[in-house]
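Shown next, in structure tokens, is the structure this report addresses.
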Amino acid sequence: MLSLLNSFAGALLSGFVISNQTVIKSKDERNNWKRAYEERYKKWRNQPQPTITTVRTNIDLYPETNSYTVSGTYTLMNKSNQPMDSLLSYTDKDLQW
282 MLSLLNSFAG ALLSGFVISN QTVIKSKDER NNWKRAYEER YKKWRNQPQP TITTVRTNID
342 LYPETNSYTV SGTYTLMNKS NQPMDSLLSY TDKDLQW
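In structure tokens:
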């Protein structure tokens with residue numbers, strides 16, 4: 282049991298180290314990106330946005346190719362007192378479609 286726990290902890294730590302080396306940029310790069318992001322979207326700061334009320338997902342695993350696909354739906358609801366004529370949607374900058 283202890284061996285299994287150590288293996289899991291080692292794998293987790295290895296993944297963290299690899300992630301920090303390959304994905305996370307320098308502190309200056311992150312700060313520059315955040316600054317540009319805030320400037321670009323500041324007009325949306327006080328605009329009403331819908332609330333996610335339901336999430337449904339389907340995940341298909343393919344162990345033979347070490348891959349997966351995810352599909353799903355969000356149900357959004359306007360819980361504000363104001364009508365909405367636009368919808369702001371965010372996708373992580375490192376996500377590949």
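So the number in our numbering is just where the residue sits in the sequence shown, counting from 1, plus 281. Glycine included, each C-beta is placed from N, C-alpha and C at the ideal position. The structure displayed is predicted, hence computed values, not measured ones.
Sheet register partners of residue i (DSSP bridge)
i	result
Tyr355	Val336
Tyr343	Ser348
Integer-rounded CB distance, given that residue j should sit under 8 Å from residue i
i	j	result
Thr334	Thr354	Not quite, the Cβ-Cβ distance comes to about 11 Å (not below 8 Å), so this is no contact.
Met365	Pro329	6 Å
Leu272	Trp325	Not covered by the structure: residue 272. The range shown for the chain is 282 to 378.
Val382	Thr332	This structure gives no information on residue 382, because the portion of the chain shown stretches from 282 to 378.
Opening and closing residue of the alpha helix (DSSP H) in which residue i lies
i	result
Lys308	308-322
Counted within 10 angstroms of its Cβ, other Cβ atoms place residue i as buried (16 or more) or exposed
i	result
Asp373	exposed
Thr303	Since pLDDT at Thr303 reaches only 48, below the 50 mark, its modelled position is unreliable, and the value read off the structure follows with that caveat. It counts as exposed.
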